[in-house]
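Student:
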Amino acid sequence: MRRDGAIAAAFSTLMSCKIKIRLVCRHGPVVSLDRVHADKFVWRAKCCRHMQWTFDQMNPGDSRVTWDIRNHFSIDLVDMNDIEIQRGASESIHVDYSSNTRIMETWRLSLDMRNTMSSQRDDEYNTLPSLLQTRREPKDVPIFAAPLAENERQNQYKGRRRIWPGLLLLLVVVAGATVAIVLGSRSASEAAASRTASYLQEERTRREIDSGLDGSSSSSVSVDVDSDGQVGNPKVYPTQQCASLNYLSKNGSIVAVLPNKTKVTITIKGINWFGMETGVAVPLGLWTNDVNGTTAYEIATFLVKNKFNAVRLPVCIQNILNNTAPQLSLVNVAENRALDLTNYITTLQSIVKALAYRNIAVLISLHTLTPTTSGGSWYDESLGISKDDFLTAVDTLTKNLCSEAYWNILGLDVKNEPSEMTWSDFADGAVTIGTRMLKGCSNWMAFVEGTNQGTHTATINGVNQTYNDWWGGGLQGVKTKPVVLSVDNKVVYAPHYYTSAVYPQPYFYATNKSELSDADLLQVVSDTATDMFGYIAKEKDAAVVLGEFAGLYATDAHPKLTTKRTTDYLIQVMLRDGYAGGFMWSLNPESVYQYNPTGPGSYPEGLLEDDWLTSNTVFVKGMAAMDALPNLQFLPCVETDST
Numbered sequence: 074m075r076r077d078g079a080i081a082a083a084f085s086t087l088m089s090c091k092i093k094i095r096l097v098c099r100h101g102p103v104v105s106l107d108r109v110h111a112d113k114f115v116w117r118a119k120c121c122r123h124m125q126w127t128f129d130q131m132n133p134g135d136s137r138v139t140w141d142i143r144n145h146f147s148i149d150l151v152d153m154n155d156i157e158i159q160r161g162a163s164e165s166i167h168v169d170y171s172s173n174t175r176i177m178e179t180w181r182l183s184l185d186m187r188n189t190m191s192s193q194r195d196d197e198y199n200t201l202p203s204l205l206q207t208r209r210e211p212k213d214v215p216i217f218a219a220p221l222a223e224n225e226r227q228n229q230y231k232g233r234r235r236i237w238p239g240l241l242l243l244l245v246v247v248a249g250a251t252v253a254i255v256l257g258s259r260s261a262s263e264a265a266a267s268r269t270a271s272y273l274q275e276e277r278t279r280r281e282i283d284s285g286l287d288g289s290s291s292s293s294v295s296v297d298v299d300s301d302g303q304v305g306n307p308k309v310y311p312t313q314q315c316a317s318l319n320y321l322s323k324n325g326s327i328v329a330v331l332p333n334k335t336k337v338t339i340t341i342k343g344i345n346w347f348g349m350e351t352g353v354a355v356p357l358g359l360w361t362n363d364v365n366g367t368t369a370y371e372i373a374t375f376l377v378k379n380k381f382n383a384v385r386l387p388v389c390i391q392n393i394l395n396n397t398a399p400q401l402s403l404v405n406v407a408e409n410r411a412l413d414l415t416n417y418i419t420t421l422q423s424i425v426k427a428l429a430y431r432n433i434a435v436l437i438s439l440h441t442l443t444p445t446t447s448g449g450s451w452y453d454e455s456l457g458i459s460k461d462d463f464l465t466a467v468d469t470l471t472k473n474l475c476s477e478a479y480w481n482i483l484g485l486d487v488k489n490e491p492s493e494m495t496w497s498d499f500a501d502g503a504v505t506i507g508t509r510m511l512k513g514c515s516n517w518m519a520f521v522e523g524t525n526q527g528t529h530t531a532t533i534n535g536v537n538q539t540y541n542d543w544w545g546g547g548l549q550g551v552k553t554k555p556v557v558l559s560v561d562n563k564v565v566y567a568p569h570y571y572t573s574a575v576y577p578q579p580y581f582y583a584t585n586k587s588e589l590s591d592a593d594l595l596q597v598v599s600d601t602a603t604d605m606f607g608y609i610a611k612e613k614d615a616a617v618v619l620g621e622f623a624g625l626y627a628t629d630a631h632p633k634l635t636t637k638r639t640t641d642y643l644i645q646v647m648l649r650d651g652y653a654g655g656f657m658w659s660l661n662p663e664s665v666y667q668y669n670p671t672g673p674g675s676y677p678e679g680l681l682e683d684d685w686l687t688s689n690t691v692f693v694k695g696m697a698a699m700d701a702l703p704n705l706q707f708l709p710c711v712e713t714d715s716t
């Protein structure tokens, strides 16, 4: 490049007035502007493409100069406050720019200046000699030295932004990944929920009791799924808001009187479920595990499927008085989580509510005086249970269970099998107990069993012969001394009648101890049952409900099945003579009998098999004969007015 005095003037101004040169490269930032000769004012400029130009000191005086910069550079003079020039030990001058955006702004300003000067002073530019010559066609570029009006900072720049195309791609990728993650998470969550639901359903299936009947004979029952997904294992049994019913015994039937005075007749197809009358203080079978056992929920469900509408729960007087806590090792608490097993009363309340949830009635049997002794009377001082103790236990039950929450309780069986009492004494005791019960809960009924003192004479199958009562079965004394309470229609007679499995009564067999024909056995059952208690049912006054019956059934070893047939014929008599139903003994497979038929032994059988999960199908089908009872239905739940 050749010399030109205007550039020297520009650099003189730069050095003397602290106005500096801004050298702008159109292709990117200026890399350096260095003084390359110590004695002369010679400078070298380098841009981003490594293109380099050198110019030296020229004659001062001109304010403009034409400079061939090959379309790569433009030069402006700006205020010293805008850009800092540093001198190092080597006398080099480095131009430090804050950002490319400032360079672009300067470039645009320089272009505007050149365009303006070109239009106004074309003839003046044409007089300037062509000082620079390149290997291509030269181009004259005006350089205008002037300071900017205002020093701009980077954070004030609001020009056009260039968006990196990859950012859009990144956003698309991130958005796609987010959607994929969300969908994948939802899919995984749904899969996990499905696996959990399947597991919980399998757990429920494990503890479910098979109905013992085919689909056409078994009632359909819905199974609850709780808020946490548990199937058939509610956290609590909700209060049903069912109104308390007033239960009456009249015209040979049990009648539930609704709040609007409507009367609903109900016959009983019931079962006995024992355990609370013993030292474990809880109904048996609730220990569900991988091998056996079930839950209160599943037992109620099984009963509904088989149309059992009532449960007789035996309890212990001493357990009531002591509020004995149940033996928790016999309960799977996690899978019976709605049960409150804090003490005896809360356990009883929970069982009653579990059955109420399925509209199943409950009869509480005052069964044993202590966990180990039934007691042949309703009190026994030698066992530590006085009359007052017994009545205190009655008060405890009415106080804690006579409310709408336990609307399904029919009443109390005032004493199980008072075998050591005469009818006269026990009738008086039944009045005392029944009166105390009604004082605490006027809606309940008193169920009264019979005694078994002495022998009786009757015509049995056409032959006048003597017989002994079953324990709890002898109600012959009602003819002369009925139980009369202060409130009418509150007494139900609840006798027991068993089979040869409990004791091989002579009347069940011929004189040579051979088995009777069907017709003869039916007549024997009818004659004995009628003489003991059945006559009361025929009078159509107080209701008669068998408190216990049956025994061995499917495991009867008689060639002609005398034990099984006895139960079948008793049900026929029940239907024929208008009994108000009965409670078979028992749901529990632990019930043991002594005769079958070769002699004393130990023969267990219940409506359920030993695992508490498998129905005793033969027994279940035998009890299905009770489905023919008139007015067999579950208790009506009449919703209370929430207001």
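With our numbering, letter number 121 in the sequence shown gets 194, and the count goes up by one each step, no holes.
Cβ atoms here follow ideal geometry from the backbone N, Cα and C, with glycine treated the same way.
What does a CB cutoff of less than 7 Å around W360 pick up in its chain, not counting 5 residues either side in sequence?
Tutor: Counting from one through the sequence shown, the residue named residue 360 turns up at place 287. Cβ within range, chain order: G366, L403, V404 and N405.
Student: Return the Cβ separation of A466 and N382 in integer angstroms, given the expectation that the two are a contact with Cβ distance under 8 Å.
Tutor: What you label residue 466 is simply residue 393 of the sequence shown in a count that begins at 1. What you label residue 382 is simply residue 309 of the sequence shown in a count that begins at 1. Actually they are not in contact, since the Cβ atoms of A466 and N382 sit about 27 Å apart, beyond 8 Å.
Student: Which of the three DSSP states, helix, strand or coil, is assigned to T415?
Tutor: Residue mapping note: residue 415 aligns to position 342 of the sequence shown, counting from 1. Coil at T415, not helix or strand.
Student: How many Å lie between G101 and G249 at the Cα?
Tutor: Here the question's residue 101 lines up with position 28 in the sequence shown. Here the question's residue 249 lines up with position 176 in the sequence shown. Any reading at G101 must be qualified, since the residue scores a pLDDT of 49, below 50, and its modelled position is unreliable; the value itself is stated next. Rounded to whole angstroms, G101 to G249 spans 36 Å at the Cα level.
Student: Give every residue of the same chain whose Cβ lies closer than 6 Å to the Cβ of D683, excluding the five residues on either side of it in the sequence, and list them in chain order.
Tutor: Taking the first residue of the sequence shown as 1, we reach residue 683 at position 610. For D683, where only same-chain residues beyond five positions count, the Cβ hits under 6 Å are P662.
Student: Around the Cβ of N395, are there at least 16 other Cβ atoms within 10 angstroms (buried) or fewer (exposed)?
Tutor: Walking along the sequence shown from the start, residue 395 turns up at place 322. Exposed.
Student: Would you kindly report the start and end of the unbroken beta strand (DSSP E) that includes F493?
Tutor: Reading the sequence shown from its first residue, position 420 is the one you call residue 493. Here the sequence assigns Glu to residue 493, which means Phe is not the residue at that position. Careful: E493 lies outside any beta strand (DSSP E) and carries neither H nor E.
Student: Sort G239, T495 and I327 by Cα distance to L702 and report the nearest one.
Tutor: As a working mapping, residue 702 is identified with position 629 in the sequence shown. Of the listed residues, the one whose Cα sits closest to L702 is I327.
Student: Can you list, in chain order, the residues of its chain whose CB lies under 7 Å from that of C710, leaving out five sequence neighbours each side?
Tutor: Stepping through the sequence shown from its first residue, residue 710 is reached at position 637. Hits under 7 Å: Q313, C315 and N432.
Student: So, with DSSP's three-state summary, where would you put T127?
Tutor: Residue mapping note: residue 127 aligns to position 54 of the sequence shown, counting from 1. Low per-residue confidence applies at T127: pLDDT is 43, beneath 50, and the placement is therefore not dependable, though the value from the model is reported in the following sentence. In this structure, T127 counts as strand in the three-state DSSP scheme.
Student: Cutting at 7 Å between CB atoms, please list the residues of its own chain near L610, excluding the five before and the five after it.
Tutor: One-based indexing of the sequence shown puts residue 610 at position 537. Going by the sequence as given, residue 610 is Ala instead of Leu. Sequence-distant Cβ neighbours of A610 in its own chain, meaning closer than 7 Å and more than five residues away, are G325, V617, D650, G651 and Y652.
Student: Do you know how far the Cα of V298 is from the Cα of T524?
Tutor: For the purposes of this step, residue 524 is taken as residue 451 along the sequence shown, with counting starting at 1. For the purposes of this step, residue 298 is taken as residue 225 along the sequence shown, with counting starting at 1. So the two alpha carbons sit approximately 47 Å from each other.
Student: Helix, strand or coil: how does DSSP classify T445 here?
Tutor: Start at 1 with the first residue of the sequence shown, and residue 445 comes out as number 372. In the structure shown, T445 sits in coil (DSSP, three-state: anything other than H, G, I, E or B).
Student: Are the Cβ atoms of I341 and G655 separated by less than 8 Å?
Tutor: Within the sequence shown, the letter at position 268 stands for residue 341. Within the sequence shown, the letter at position 582 stands for residue 655. Yes. Within cutoff.
Student: For S587, does the count of other Cβ atoms within 10 angstroms reach 16, so buried, or fall short, so exposed?
Tutor: Residue 587 sits at position 514 when you count from the first residue of the sequence shown. Under this definition S587 is an exposed residue.
Student: Helix, strand or coil: how does DSSP classify N516 here?
Tutor: On the sequence shown, residue 516 is found 443 positions in, with the first residue counted as 1. DSSP places N516 in coil when its eight states are reduced to three.
Student: Do you know whose CA, among R279, Y370, N306 and Y608, lies nearest N362's CA?
Tutor: The count along the sequence shown starts at 1 and reaches residue 362 at position 289. With distances taken between Cα atoms, N362 lies closest to R279.
Student: In this structure, what does DSSP give as the bridge partners for F656?
Tutor: Locating residue 656 in the sequence shown gives position 583, where the first residue counts as 1. In DSSP, F656 forms a bridge with G343.
Student: If you draw a straight line from the alpha carbon of V255 to that of Y310, how long is it in whole angstroms?
Tutor: In the sequence shown, residue 255 corresponds to position 182, counting from 1. In the sequence shown, residue 310 corresponds to position 237, counting from 1. Straight-line Cα distance between these residues: approximately 38 Å.
Student: Taking 6 Å as the limit between beta carbons, can you name the residues of its chain near S191, skipping five residues before and five after?
Tutor: The residue given as residue 191 occupies position 118 in the sequence shown. Low confidence applies here, because S191 scores a pLDDT of 49, under 50, leaving its location unreliable; read the following figure in that light. If we look at S191 and ignore the five residues flanking it on each side, it has no Cβ neighbours.
Student: Under 8 Å between the Cβ atoms of P670 and H631?
Tutor: In the sequence shown, the residue the question calls residue 670 occupies position 597. In the sequence shown, the residue the question calls residue 631 occupies position 558. Contact: yes.
Student: Should G305 and Y370 be called a contact, given that it needs their Cβ atoms to be closer than 8 Å?
Tutor: Here residue 305 refers to the residue found at position 232 when the sequence shown is read from its first residue. Here residue 370 refers to the residue found at position 297 when the sequence shown is read from its first residue. Their beta carbons are under 8 Å apart, which means G305 touches Y370 by this criterion.
Student: So, for G550: in the same chain, excluding its five sequence neighbours on each side, which residues have a beta-carbon less than 6 Å away from its beta-carbon?
Tutor: Taking the sequence shown and counting its residues from 1, one reaches residue 550 at position 477. Excluding positions up to five away in sequence, the list reads W496.
Student: In the DSSP assignment, the beta strand (DSSP E) including I372 goes from what residue to what residue?
Tutor: As a first step, residue 372 must be located in the sequence shown, where it is residue number 299. Note, I372: premise wrong, no beta strand (DSSP E); alpha helix (DSSP H) at A369 to K378.
Student: Using a Cβ-Cβ cut-off of 8 Å (strictly less than) and excluding sequence neighbours within five positions of T443, which residues of its own chain qualify?
Tutor: Stepping through the sequence shown from its first residue, residue 443 is reached at position 370. Contacts found: C389, I390, Q391, L456, G457 and I458.
Student: Looking only at its chain, what residues have a beta carbon closer than 6 Å to the beta carbon of G629, apart from the 5 residues adjacent to it on each side?
Tutor: For the purposes of this step, residue 629 is taken as the residue at position 556 of the sequence shown. Note that residue 629 is Asp in the sequence shown, not Gly. Around D629: T636 and K637.
Student: Nearest by alpha-carbon distance to H529: which of M518, W543 and A519 is it?
Tutor: Within the sequence shown, residue 529 is the residue found at index 456, counting from 1. That would be W543, whose Cα lies nearest to the Cα of H529.
Student: Which runs of the beta strand (DSSP E), 3 residues or longer, sit entirely within the region 632 to 697?
Tutor: Runs of the beta strand (DSSP E) lying entirely within the region 632 to 697, each at least 3 residues long, are 654 to 657, 665 to 668 and 673 to 677 in chain order.
Student: Hey, L483 and M518 are a contact pair by Cβ (cut 8 Å); roughly how many whole angstroms apart?
Tutor: Residue numbering aside, residue 483 sits at position 410 when the sequence shown is read from its first letter. Residue numbering aside, residue 518 sits at position 445 when the sequence shown is read from its first letter. Confirmed, about 6 Å.
Student: Measuring alpha carbon to alpha carbon, tell me which residue in A411, V384, T415 and N409 is nearest A398.
Tutor: The residue labelled residue 398 in the question sits at position 325 within the sequence shown. Considering only alpha carbons, the answer is T415.
Student: With a 10 Å radius around its C-beta and 16 neighbouring C-beta atoms as the bar for buried, classify P677 as buried or exposed.
Tutor: Taking the first residue of the sequence shown as position 1, residue 677 is located at position 604. It counts as exposed.
Student: For A531, list the residues DSSP reports as bridge partners.
Tutor: Your numbering for residue 531 matches position 458 in the sequence shown. BP columns for A531 point to Q538.
Student: According to DSSP, what are the bridge partners of R385?
Tutor: As a working mapping, residue 385 is identified with position 312 in the sequence shown. According to DSSP, which records beta bridges pairwise, R385 is partnered with N345 and L436.
Student: Helix, strand or coil for K552, going by three-state DSSP, please let me know.
Tutor: As a first step, residue 552 must be located in the sequence shown, where it is residue number 479. In this structure, K552 counts as helix in the three-state DSSP scheme.
Student: Can you give me the start and stop residues for the alpha helix (DSSP H) that N392 sits inside?
Tutor: Along the sequence shown, read from residue 1 onward, the residue named residue 392 stands at position 319. Note, N392: alpha helix (DSSP H), I390 to N395.
Student: Using only the alpha-carbon positions, how far apart do T639 and Y570 sit?
Tutor: As a working mapping, residue 639 is identified with position 566 in the sequence shown. As a working mapping, residue 570 is identified with position 497 in the sequence shown. Cα to Cα, the separation comes out at about 10 Å.
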